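Enquirer: Residues in the sequence shown are numbered from 2 upward in steps of one, following my numbering.
From the three backbone atoms N, C-alpha and C, an ideal C-beta is built for every residue, glycine too.
Please read these numbers as outputs of a predicted model, since none were measured by experiment.
My questions will all concern the structure given below.
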Amino acid sequence: MRKSVKVGKVVIGGEAPVSVQSMTTTKTADVEKTVSQIKSLERAGCEIVRVAVQDEEDAKAIRRIKEQIEIPLVADIQFDYRLAILSIENGADKIRINPGNMSRDRLKDVVAAAKGKGIPIRVGANVGSIKRRTSERWKDLAESALEEVRLLEKEGFYDIIVSVKSSDVLETIKANEYIAEKVEYPIHLGVTEAGVSETAIVKSSIAIGHLLLKNIGDTIRVSISGDPVREVIVGKKILIALGLREGVEVIACPTCGRAEIDVENMAKMIEENFFHVQKRLKIAVMGCVVNGIGEGKDADLGVAGLRDGAVIFVKGEIKERVSKEFVLERLKYYLNELLEEVER
2 MRKSVKVGKV VIGGEAPVSV QSMTTTKTAD VEKTVSQIKS LERAGCEIVR
52 VAVQDEEDAK AIRRIKEQIE IPLVADIQFD YRLAILSIEN GADKIRINPG
102 NMSRDRLKDV VAAAKGKGIP IRVGANVGSI KRRTSERWKD LAESALEEVR
152 LLEKEGFYDI IVSVKSSDVL ETIKANEYIA EKVEYPIHLG VTEAGVSETA
202 IVKSSIAIGH LLLKNIGDTI RVSISGDPVR EVIVGKKILI ALGLREGVEV
252 IACPTCGRAE IDVENMAKMI EENFFHVQKR LKIAVMGCVV NGIGEGKDAD
302 LGVAGLRDGA VIFVKGEIKE RVSKEFVLER LKYYLNELLE EVER
């Protein structure tokens, strides 16, 4: 079992569930915009949020931001040790630094500040920061992260979270497997510079999913260029798909010429309406009744299209026939029945 580290009210590692993180895209000193984005992330289910700290104005804004949000806040500092200390003084719940960018004395100052407030430090490496180049870049990546861990350990600091990321899926997997064998600290998983939309989702799902299945990883961030809310949604779906988080899983047929309903839009609408439900339930959206009910029989709840409407089925049993405009309303009714049954 890995060591556990507390980030605000969230525990990472140990027996704690895998948490979902994201990072804001706003200028941190713009408190209003940053808080607004964090609240959107909170509603999506984000459990830890990271902000970029590029100057004193950003660091000082942390206190005002924290007054208005519910989830722990991590300050991301690249080079200036003074910004790390100022972020800690203003209430950051964790800092992310690169100890290799600081002198021994400066690192001591940062460690002393973190110890004084009882907050952890995340260290690690990505492909842009590794110090040596060999034919095994994944190993260079992992060893660079381990060097940073040792720098903190030399200062008597052990509330550490480790991260090794590449834009390459296989490098990310190999580096994290190596790290997991070498240290007992919690591991932050992610694929850096993963890209946009489908490319980022595919890369992150493969790397993060593979590692979590091997019991490697304690907190995740799915990096997607653009709106960070999507990162949280995809992260939660990865955990639900692996059985590591309770939630509604919507399955849908790939569609063919027999489809009598708009399967894609119906599935999206159901996901949006039921994403908040924190129970392990499966909802099926099938285009027709020819194979739909049989294929969706493992679902707790489902809908299959008819030429002039749809049928609602629960655990493979048809409950009623409805017109298409009432599908969502009736699904909600049967979902509430299922939730009441689960509670009993």
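Beta carbon of Pro100, beta carbon of Leu108: below 8 Å?
Expert: Taking the sequence shown and counting its residues from 1, one reaches residue 100 at position 99. Taking the sequence shown and counting its residues from 1, one reaches residue 108 at position 107. Yes, they are a contact pair.
Enquirer: What is the DSSP secondary structure of Leu240, counted as helix, strand or coil?
Expert: In the sequence shown, counting from the first residue as 1, residue 240 sits at position 239. In the structure shown, Leu240 sits in a helix (DSSP, three-state: H, G or I).
Enquirer: For Lys183 and Glu148, I'd like the C-alpha separation in whole angstroms.
Expert: Residue numbering aside, residue 183 sits at position 182 when the sequence shown is read from its first letter. Residue numbering aside, residue 148 sits at position 147 when the sequence shown is read from its first letter. Distance between the alpha carbons of Lys183 and Glu148 is about 12 Å.
Enquirer: Where does Glu16 land, buried or exposed, given buried means 16+ other C-beta within 10 angstroms?
Expert: For the purposes of this step, residue 16 is identified with residue 15 of the sequence shown, where counting begins at 1. The residue in question, Glu16, is exposed, as its Cβ has fewer than 16 Cβ neighbours within 10 Å.
Enquirer: Can you tell me where the beta strand (DSSP E) holding Arg322 begins and where it ends?
Expert: Counting from one through the sequence shown, the residue named residue 322 turns up at place 321. Note, Arg322: beta strand (DSSP E), Glu318 to Val323.
Enquirer: Between the segment 126-145 and the segment 160-172, can you find at least three pairs of beta-carbon atoms closer than 8 Å?
Expert: Because the criterion of three Cβ pairs below 8 Å is met, the segment 160-172 and the segment 126-145 touch.
Enquirer: How many whole angstroms separate the CB atoms of Gly293 and Cys254, which I take to be in contact at a CB cut-off of 8 Å?
Expert: Here residue 293 refers to the residue found at position 292 of the sequence shown. Here residue 254 refers to the residue found at position 253 of the sequence shown. About 7 Å; that satisfies the 8 Å criterion.
Enquirer: Counting C-beta neighbours from all protein chains within 10 Å, is the total for Lys155 16 or more, i.e. buried, or is it exposed?
Expert: For the purposes of this step, residue 155 is identified with residue 154 of the sequence shown, where counting begins at 1. Looking at its Cβ environment, which holds fewer than 16 other Cβ atoms inside 10 Å, Lys155 is exposed.
Enquirer: So, helix, strand or coil for Gln22, using DSSP?
Expert: As a working mapping, residue 22 is identified with position 21 in the sequence shown. Note: Gln22 maps to strand in three-state DSSP.
Enquirer: Provide the residue span of the alpha helix (DSSP H) that contains Glu43, from first to last.
Expert: For this step, residue 43 is matched to residue 42 along the sequence shown. Val32 to Ala45 is the span of the alpha helix (DSSP H), which, as asked, contains Glu43.
Enquirer: For the pair the segment 258-271 and the segment 224-238, tell me if three or more CB-CB distances fall below 8 Å.
Expert: The segment 258-271 is not in contact with the segment 224-238.
Enquirer: Taking one C-beta from the segment 276-289 and one from the segment 298-314 each time, how about it: are there three or more such pairs within less than 8 Å?
Expert: Yes: the two stretches touch, three or more of their Cβ pairs being nearer than 8 Å.
Enquirer: Work out the CA separation of Lys237 and Arg65 for me, nearest whole Å.
Expert: By 1-based counting over the sequence shown, the position of residue 65 is 64. By 1-based counting over the sequence shown, the position of residue 237 is 236. Spanning the two alpha carbons is a distance of roughly 28 Å.
Enquirer: Is there contact here, the segment 11-28 with the segment 208-221, by at least three beta-carbon pairs under 8 Å?
Expert: Yes: the two stretches touch, three or more of their Cβ pairs being nearer than 8 Å.
Enquirer: Among Ala114, Ile63 and Tyr334, which residue has its Cα nearest to the Cα of Gly92?
Expert: Looking up residue 92 in the sequence shown gives position 91. Of the listed residues, the one whose Cα sits closest to Gly92 is Ile63.
Enquirer: What are the boundary residues of the alpha helix (DSSP H) that Phe275 is part of?
Expert: One-based indexing of the sequence shown puts residue 275 at position 274. First-last of the alpha helix (DSSP H) with Phe275: Val264 to Phe275.
Enquirer: Please return the same chain residues whose Cβ sits closer than 6 Å to the Cβ of Val315, not counting the five positions on each side in sequence.
Expert: As a position in the sequence shown, residue 315 is number 314, starting the count at 1. Excluding positions up to five away in sequence, the list reads Leu302 and Tyr335.
Enquirer: Going by beta carbon distance, what residues of the same chain come within less than 6 Å of Arg281, once the five residues before and after it are set aside?
Expert: Here the question's residue 281 lines up with position 280 in the sequence shown. Excluding sequence neighbours, Arg281 sits near Glu247.
Enquirer: In its own chain, which residues sit with a C-beta less than 7 Å from the C-beta of Ile1, not counting the 5 before and 5 after it?
Expert: Outside the displayed span of the chain (2 to 345) sits residue 1, for which this structure offers no information.
Enquirer: Leaving out the 5 sequence neighbours to the left and right, which residues in its chain are closer than 6 Å to Leu332 when beta-carbon positions are compared?
Expert: The count along the sequence shown starts at 1 and reaches residue 332 at position 331. Cβ within range, chain order: n/a, list empty.
Enquirer: Sorted by chain position, which residues of the same chain lie with C-beta nearer than 6 Å to Pro73's C-beta, five sequence neighbours on each side aside?
Expert: On the sequence shown, residue 73 is found 72 positions in, with the first residue counted as 1. Correct list, in chain order: Val8, Gly9, Val11, Ile49 and Asp94.
Enquirer: When the distance is taken between beta carbons, is Ile13 closer than 8 Å to Ile161?
Expert: As a first step, residue 161 must be located in the sequence shown, where it is residue number 160. As a first step, residue 13 must be located in the sequence shown, where it is residue number 12. Cβ atoms of Ile161 and Ile13: not closer than 8 Å.
Enquirer: Suppose you measure from the CA of Leu213 to the CA of Arg308; what does that come to, to the nearest Å?
Expert: Residue numbering aside, residue 213 sits at position 212 when the sequence shown is read from its first letter. Residue numbering aside, residue 308 sits at position 307 when the sequence shown is read from its first letter. Near 43 Å, if we compare the C-alpha coordinates of Arg308 and Leu213.
Enquirer: How about Val124 and Leu153: are their beta carbons less than 8 Å apart?
Expert: Counted from its first residue, the sequence shown places residue 124 at position 123. Counted from its first residue, the sequence shown places residue 153 at position 152. Taking 8 Å as the Cβ cut-off, Val124 and Leu153 qualify as a contacting pair.
Enquirer: Excluding five sequence neighbours on each side, which residues of the same chain lie with their C-beta closer than 7 Å to the C-beta of Ile207?
Expert: Here residue 207 refers to the residue found at position 206 when the sequence shown is read from its first residue. Val170, listed in sequence order.
Enquirer: Out of curiosity, what's the CA-to-CA distance linking Glu144 and Thr173?
Expert: In the sequence shown, residue 144 corresponds to position 143, counting from 1. In the sequence shown, residue 173 corresponds to position 172, counting from 1. Their backbone Cα atoms lie some 13 Å apart in a straight line.
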